[in-house]
DNA sequence: CAAAATCCGTGACATTTATCACATATTCTA
DNA sequence: TAGAATATGTGATAAATGTCACGGATTTTG
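Residue numbers (my numbering), protein chains in the order written: chain W, 897 to 1084; chain D, 897 to 1084.
This is the structure we're talking about:
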């Protein structure tokens, strides 16, 4: 069961069959249709999600009605509103399926339980959080260091497939530029 | 010894006197003069630092010679190049003291040892990494969502003291705008 | 399959920001 | 304390980007 999840853990920790089965028993599978909202802005958040298949966006809408995308999540990524999850606040994001999606979800209390019971899982999630931090720091750096053209190129080089799966307007909103400006750059 | 460190751990875990003393024994104090470079771009990174006193910047220089600041670190913050530390790569940053600084430093191997031996410490560092991730995500969001004026206001509201401790040119470089533009905004 | 919705490029123009230049004020340091 | 270095504000101009508008292509959906 859940070979993708098994592989995910294997990156940082070694689990026996029994250990993995125990851990996996806390995850539940769920399918969503394109356009479904996994997490709704203003609601409380109780789960973290592991993407088996499909593509999602984490987005927020500003006072002018413009959408800004914090991140995309594709296969083997984890996604949630961690701010809301950790601080028990209401979510400021919508997390929405951009394709039909298959997820495994884990409740916050089960995650904490797993981390408390199994040192290995605490270790896994520490490293996962650290690598998430590093990647987000990279994103900050790209935003303050690079102009639009070079932000576009970097993203395109790193995730060429993304541009086939996602409308350009969303890529623009992820890069922090207008749809029109991106369109003019992508021609070049 | 190290009451600030003690308090730092207490935010997430309860340690007995003996436990704390044991953990603290892996930390070493060190003082640096203003302008000292703690981590030099191009070097390997082996330590993580906890700021007891003073202020530092984590910065990188682009091909045009312009400096960009990933973060400031003040009292009770942790600082290092986590990318370099975790992946055993050479640092892309300079981490420099903007004031006279007192630090406690911990080697990567000792951190891993502590995490392996003491589940509580692994827990602490998991939560610390998670909260670092959340804060960095907030920073990304501010960068793509807000214009310069409002980025300036948000930073000023959150860290008013920073503006007294740091030259405006550095604040500009942290916000991702030119010194001149920031100067015109700060007047308003 | 046909209507509706979305997507995408592009022109024209307004707005924002960067860059260069310079003057003054302030802070550091020998 | 005097000279040097740094920090700050501001004008003029160029460059980059946003906004509004439009039309045609593509995709979605009942």
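Quick reminder that beta carbons are idealized off the backbone N, C-alpha and C, glycines included.
In summary, the residues of the segment 932–959 of chain W whose CB is separated from some CB of chain D by less than 8 Å are 956 and 958, in the order they occur in the chain. Residue pairing by DSSP puts residue 955/W in a beta bridge opposite 965/W and 990/W. The beta carbon of residue 1019/D sits closer than 8 Å to those of 908 and 909, all from its chain and outside the five residues before and after it, given in chain order.
DSSP places residue 1070/D in the helix class (H, G or I) of the three-state scheme. Taking a 10 Å sphere around the C-beta of residue 1079/D, we find fewer than 16 other C-beta atoms and assign the residue as exposed. Here the alpha carbons of residue 1035/D and residue 923/D stand approximately 30 Å from one another. Around the C-beta of residue 984/D, fewer than 16 other C-beta atoms lie within 10 Å, and the residue is accordingly described as exposed. Rounded to whole angstroms, the Cβ separation of residue 937/W and residue 987/W is 6 Å, and the two are in contact under 8 Å. Within chain D, the residues placing a beta-carbon under 9 Å from that of residue 982/W are 1023, 1026, 1027 and 1030, ordered along the chain. When secondary structure is reduced to three states using DSSP, residue 905/W falls in the helix class. With a threshold of 16 other beta carbon atoms within 10 Å, residue 914/W falls short and is exposed. Residues are counted here when their Cβ sits less than 7 Å from a Cβ of chain W; for the segment 1065–1084 of chain D these are 1072, given in chain order. Short of 6 Å from the beta carbon of residue 966/W, and not among the five residues preceding or following it, lie these beta carbons of its own chain, in chain order: 954.
At a cut-off of 8 Å between beta carbons, residue 991/D makes no contact with chain W.
For residue 924/D, the uninterrupted beta strand (DSSP E) segment begins and ends at 924–928. Residues of chain W with a Cβ closer than 8 Å to the Cβ of residue 1045/D do not exist, since the nearest Cβ in that chain sits about 14 Å away. By a beta-carbon distance limit of 8 Å, residue 980/W does not contact residue 947/W. Their separation comes to about 19 Å. Of all alpha-carbon atoms in 1023/W, 1063/W and 999/W, the one lying nearest the alpha-carbon of residue 1008/D is that of 1023/W.
Taken in chain order, the whole beta strand (DSSP E) runs of length 3 or more contained in the segment 979–1044 of chain W are 990–993 and 997–1003. Listed along chain D, no residue sits closer than 7 Å to residue 1010/W by beta-carbon distance, the nearest being about 12 Å off.
When the beta-carbon positions are compared, residue 991/W and residue 951/W stay at least 8 Å from each other.
At a cut-off of 8 Å, the C-beta of residue 978/D has a neighbouring C-beta in chain W.
Listed as beta-bridge partners of residue 933/D by DSSP are 992/D. Following the DSSP letters along the chain, one finds residue 945/W inside the beta strand (DSSP E) bounded by residues 943–949.
Here the alpha carbon of residue 1011/D sits roughly 16 Å from the alpha carbon of residue 945/D. By DSSP's assignment, residue 974/D forms a beta bridge with 946/D. With 16 or more other CB atoms across the displayed protein chains lying within 10 angstroms of its CB, residue 1029/W is buried. Residue 1060/D: member of the alpha helix (DSSP H) spanning 1058–1061, first to last residue.
Non-local beta-carbon contacts of residue 1077/W in its own chain, meaning distances under 8 Å to residues more than five positions away in sequence, involve 1044 and 1068 in chain order. The beta carbons of residue 949/D and residue 994/D sit no closer together than 8 Å. Within 7 Å of the CB of residue 1060/D, no CB atom of chain W is found; the nearest one sits about 23 Å away.
In this structure, residue 1072/D keeps its C-beta atom at 8 Å or more from the C-beta atom of residue 1037/D. Close partners of residue 986/W in chain D (Cβ separation under 7 Å) are lacking, with about 15 Å as the shortest Cβ gap. Residues of chain W with a Cβ closer than 7 Å to the Cβ of residue 907/D do not exist, since the nearest Cβ in that chain sits about 13 Å away. Non-local beta-carbon contacts of residue 1047/D in its own chain, meaning distances under 7 Å to residues more than five positions away in sequence, involve 1038 and 1071 in chain order. Beyond the five residues adjoining it in sequence on each side, residue 976/W comes within less than 8 Å, by CB distance, of 935, 941, 943, 944, 945 and 991 in the same chain, given in chain order.
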